[in-house]
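Using the numbering used here, read the sequence shown as starting at 122 and increasing by one per residue. All C-beta atoms, glycine included, are put in the ideal place defined by N, C-alpha and C. Here the structure is laid out as structure tokens; the discussion comes afterwards.
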Amino acid sequence: MAISSDSKTLVAPGPKGLPILGSAIGLIYDILGTSLNGMLKFGDVVRYVAGPPGPLRVIAYGIAHPDGVQHVLTAGGDHYSKQDATYTELRELVGNGLLTSEGETWRRQKRLVQPLFTHKRVAEYASLMADEGEKLVQRWALLAGKDGSVDLHSEMTRVSLRIVSRALFGEDADSFIPVLKDNVPFLSRRAFARSIAPVKIPAHWPTPGNRHAARAKAEIEGMVDAIIARRRANPTGEVDLVSLLLEAQDPEGGLGLDDMEVRDQALIFLLAGHETTATSLCFTLHLLGLHPDIQRRVQEEVDSVLGDRMPVLEDVPNLSYTTMAIKEAMRLYPAAYAIPRLTEIEDEVNGYAIPVGSVAVVSPWVTHRHPAFWDDPEKFDPERFTPDKEKARHRYAYFPFGGGARACIGQYFSMLEAIIVTAQLARAYKLESSSDPVPLFTGITLRPKKAMPCRIEARQPALAESIS
Numbered sequence: 122m123a124i125s126s127d128s129k130t131l132v133a134p135g136p137k138g139l140p141i142l143g144s145a146i147g148l149i150y151d152i153l154g155t156s157l158n159g160m161l162k163f164g165d166v167v168r169y170v171a172g173p174p175g176p177l178r179v180i181a182y183g184i185a186h187p188d189g190v191q192h193v194l195t196a197g198g199d200h201y202s203k204q205d206a207t208y209t210e211l212r213e214l215v216g217n218g219l220l221t222s223e224g225e226t227w228r229r230q231k232r233l234v235q236p237l238f239t240h241k242r243v244a245e246y247a248s249l250m251a252d253e254g255e256k257l258v259q260r261w262a263l264l265a266g267k268d269g270s271v272d273l274h275s276e277m278t279r280v281s282l283r284i285v286s287r288a289l290f291g292e293d294a295d296s297f298i299p300v301l302k303d304n305v306p307f308l309s310r311r312a313f314a315r316s317i318a319p320v321k322i323p324a325h326w327p328t329p330g331n332r333h334a335a336r337a338k339a340e341i342e343g344m345v346d347a348i349i350a351r352r353r354a355n356p357t358g359e360v361d362l363v364s365l366l367l368e369a370q371d372p373e374g375g376l377g378l379d380d381m382e383v384r385d386q387a388l389i390f391l392l393a394g395h396e397t398t399a400t401s402l403c404f405t406l407h408l409l410g411l412h413p414d415i416q417r418r419v420q421e422e423v424d425s426v427l428g429d430r431m432p433v434l435e436d437v438p439n440l441s442y443t444t445m446a447i448k449e450a451m452r453l454y455p456a457a458y459a460i461p462r463l464t465e466i467e468d469e470v471n472g473y474a475i476p477v478g479s480v481a482v483v484s485p486w487v488t489h490r491h492p493a494f495w496d497d498p499e500k501f502d503p504e505r506f507t508p509d510k511e512k513a514r515h516r517y518a519y520f521p522f523g524g525g526a527r528a529c530i531g532q533y534f535s536m537l538e539a540i541i542v543t544a545q546l547a548r549a550y551k552l553e554s555s556s557d558p559v560p561l562f563t564g565i566t567l568r569p570k571k572a573m574p575c576r577i578e579a580r581q582p583a584l585a586e587s588i589s
């Protein structure tokens, strides 16, 4: 191992890569495989060089050990910031909200927004989640009556978008969803593509892609602005998040959120709140469909807890095995597969130097497969998440929602939604997934690259007749 120039810390090992390009091709086209193989070959801190010498070159450090993950995620903004290329593009996409802001702006926003995501407040959306889950059960009854096949990816994206839209916009959601359905995925793909491009075409140049993006963004922002204006003029007293954001008060006596800040927060919740949960739901159902014994245990639990009624909030603690299955699916397929930070102050992680200007990347995809913390890591085994095993494991061996002060504020909302919808579908249907390998798309979030076919069979034969 090489020693750094100050002879105090080691220079992390890593792949040599290609001449001039270094590891750029692997990181762009197979970041999951490249980063996992890097950890298995080189260890807990891996140095990657991407791009030619000069201003286009990026030096990144993959940090896999939970101790290192904890250090990076809890070190604070003085050491690591969100000024890397990924978050720069996210700011362009969704504005300067809680996910993308920094410093005092972020601290003020968190004081204002945090109270809207307490367990007590989020619990108010449980009935909304169950209502959308029940609509999906009925929709699937019609599909089961045809060829018995559904695309898990599109179906989970649809239900998650409906849930987060209703939570955000209340009665205005139905008119808003058609605008979101196509525009949000396009803008998300664009943000990721620009974040990894070595040379970026300025966003204001009138290229076809830039014009398309400008129209899509303007359409979404225009509808959100119109909803905000209506709520300002005529407060409804509803508990939709836009109304609550408008009413939010700074406990330290500062100003509330202005209209642009409310819009930015809403767009971030919209993007982060439906793509990530859709991925978690999609892969939970896919894995249940591949493992009949585990699926049967989930169904037995759901039948015992729910009987023939819709789930309510009080049922969630009793759906413990269902929750374990969801957590295990999120271990194997974490929606936030990589979390980058720009190094602002020279640091040391696990004995290796992390220079200023480099990108420190902690990856749930990699750490969730660390052989020192996970036996047979590619196996789907919900038993990993019994209370005793969770308590015994390193806090940062599993971090699908990030960690530290900037952990995902919506994690309870996401888990509540995933548990309720999974329980409803497992009670109503037997799932049989395709055993074909699932190609993955690594954009802003992880998701399937193509359709995820799954055959469904009604467990309640009278269901389809009752709605025909």
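**Study point:** Coil, strand or helix - residue 376 by DSSP
**Key:** coil
Point to revise | Burial state of residue 124, where buried means 16 or more other Cβ atoms lie within 10 Å | key: Because the pLDDT of residue 124 is 45, which lies under 50, any placement of that residue in the model is unreliable, and the number read from its coordinates should be weighed accordingly. Counting Cβ neighbours within 10 Å, residue 124 comes out exposed, since fewer than 16 surround it.
Point to revise | Per-residue DSSP class, three states only, for residue 187 | key: Taken through DSSP and simplified to helix, strand or coil, residue 187 comes out as helix.
Exercise for review: Identify whether residue 382 lies in helix, strand or coil by the three-state DSSP scheme.
Suggested key: helix
Point to revise | Under 8 Å between C-beta atoms of residue 181 and residue 171 | key: yes
**Study point:** C-alpha gap between residue 379 and residue 270, whole angstroms
**Key:** 46 Å
Check your understanding: In three-state terms, what does DSSP make of residue 170?
Key -> strand
Check your understanding: How many whole angstroms separate the CB atoms of residue 533 and residue 240, which I take to be in contact at a CB cut-off of 8 Å?
Key -> 6 Å
Exercise for review: Can you tell me which of the three DSSP states residue 195 falls into?
Suggested key: helix
Point to revise | N- and C-terminal bounds of the alpha helix (DSSP H) containing residue 437 | key: Taken as a continuous stretch (DSSP letters only), residue 437 belongs to no alpha helix (DSSP H), as it is neither H nor E.
**Study point:** Cβ-based burial, residue 386 [other Cβ within 10 Å; buried from 16]
**Key:** buried
Review point. Are the region 419-434 and the region 484-499 in contact at 8 Å, needing three or more beta carbon pairs?
Key: no
Check your understanding: Counting Cβ pairs, one atom from each stretch, are 3 or more of them under 8 Å apart for the region 537-549 and the region 454-474?
Key -> no
Check your understanding: Closest to residue 344 by CA distance: which of 290, 334, 482 and 364 is it?
Key -> 290
Exercise for review: Leaving aside the five residues before and after residue 284 along the sequence, list all residues of the same chain whose C-beta is less than 7 Å from its C-beta, in chain order.
Suggested key: The answer, listed in chain order, is 249, 250, 253 and 538.
Check your understanding: Is residue 325 buried or exposed, if buried means 16 or more other CB atoms sit within 10 Å of its CB?
Key -> Residue 325 should be labelled exposed.
Point to revise | residue 560 versus residue 569: straight-line alpha-carbon distance, rounded | key: Going by the C-alpha atoms only, they are around 6 Å apart.
Point to revise | Assigned exposure category for residue 154 - 16 Cβ within 10 Å defines buried | key: exposed
Review point. Can you tell me whether residue 382 is buried or exposed, with buried defined as 16 or more other CB within 10 angstroms of its CB?
Key: buried
Practice item. Report all residues from its chain with a CB closer than 6 Å to the CB of residue 544; omit the five preceding and five following residues, and keep chain order. Key: 423, 432, 440 and 443
Point to revise | Helix, strand or coil at residue 307 according to DSSP, with G and I counted as helix | key: helix
Exercise for review: Give a yes or no on whether the C-beta atoms belonging to residue 521 and residue 455 are separated by under 8 Å.
Suggested key: A Cβ-Cβ contact shorter than 8 Å links residue 521 with residue 455.
Check your understanding: Between the C-alpha atoms of residue 586 and residue 430, what's the straight-line distance to the nearest angstrom?
Key -> Because the pLDDT at residue 586 is just 40, under 50, the model does not fix this residue reliably, and the value given afterwards should be weighed accordingly. Each residue's alpha carbon lies about 18 Å from the other.
Point to revise | Local Cβ density within 10 Å of residue 328, reported as buried at 16 or more and exposed below that | key: exposed
**Study point:** Neighbourhood of residue 334 by C-beta distance below 7 Å, restricted to the same chain and skipping five residues each side
**Key:** 308 and 311
Review point. Do residue 169 and residue 134 come within 8 Å of each other at the CB atom, strictly closer than that value?
Key: no
**Study point:** Separation of residue 260 from residue 208, as counted between CA atoms
**Key:** C-alpha of residue 208 to C-alpha of residue 260: approximately 37 Å in a straight line.
Practice item. Could you tell me the distance, in whole angstroms, from the CA atom of residue 242 to the CA atom of residue 164? Key: 42 Å
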